[in-house]
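>
Residue numbers (this note's numbering): 27 to 134.
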């Protein structure tokens, strides 16, 4: 099984940075961060002109998360900096402490 070390993320935005969307990348996943970094300048150049402002970055991927559900989150700051990370999604587990185990298990 191949391990993913980096994800290429390309974002296109309006001039005021209020409307941004993910853009398709020629290759999205890489086994090494170096491979991603080597493709990034060409991918950014090819994506320019489709939006007023274009940003791209290589997002590190923790190989331990490969089997887990992961969530890509990103934002373009007012300064024009793209920040992104891959992490576990926020999960909220509900429980009822008033309910006893005996009541929740069906007895025969």
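Ideal placement from N, C-alpha and C gives every residue a C-beta, glycine not left out.
Just so we're clear, the structure is a prediction, and the values are computed from it rather than from any experiment.
Just reading off the alpha helix (DSSP H) that residue 103 is part of, what are its end residues?
Along the chain shown, read from residue 1 onward, the residue named residue 103 stands at position 77. Element bounds for residue 103: n/a, residue is neither H nor E.
> Along the beta strand (DSSP E) that carries residue 86, what are the first and last residues, could you check?
Position 60 of the chain shown, counting from 1, holds the residue named residue 86. From DSSP, the beta strand (DSSP E) with residue 86 extends over 79-86.
> My output table needs one value for residue 43: the three-state DSSP class, helix, strand or coil.
As a working mapping, residue 43 is identified with position 17 in the chain shown. In the structure shown, residue 43 sits in coil (DSSP, three-state: anything other than H, G, I, E or B).
> Count the other CB atoms, across all protein chains shown, that sit within 10 Å of the CB of residue 87; report buried if there are 16 or more and exposed otherwise.
Position 61 of the chain shown, counted from the start, is the residue given in the question as residue 87. The residue is buried, with at least 16 neighbouring Cβ atoms inside 10 Å.
> Alpha carbon to alpha carbon, how far is residue 130 from residue 96?
For the purposes of this step, residue 130 is taken as residue 104 along the chain shown, with counting starting at 1. For the purposes of this step, residue 96 is taken as residue 70 along the chain shown, with counting starting at 1. Only weak support is given to the placement of residue 130: the predicted model assigns it a pLDDT of 39, under 50, and the value that follows is read from those uncertain coordinates. The straight-line gap from Cα to Cα measures roughly 31 Å.
> Select from 45, 41 and 71 the residue whose C-alpha is nearest the C-alpha of residue 51.
For the purposes of this step, residue 51 is taken as residue 25 along the chain shown, with counting starting at 1. Checked all of 45, 41 and 71; the closest Cα to residue 51 is 71.
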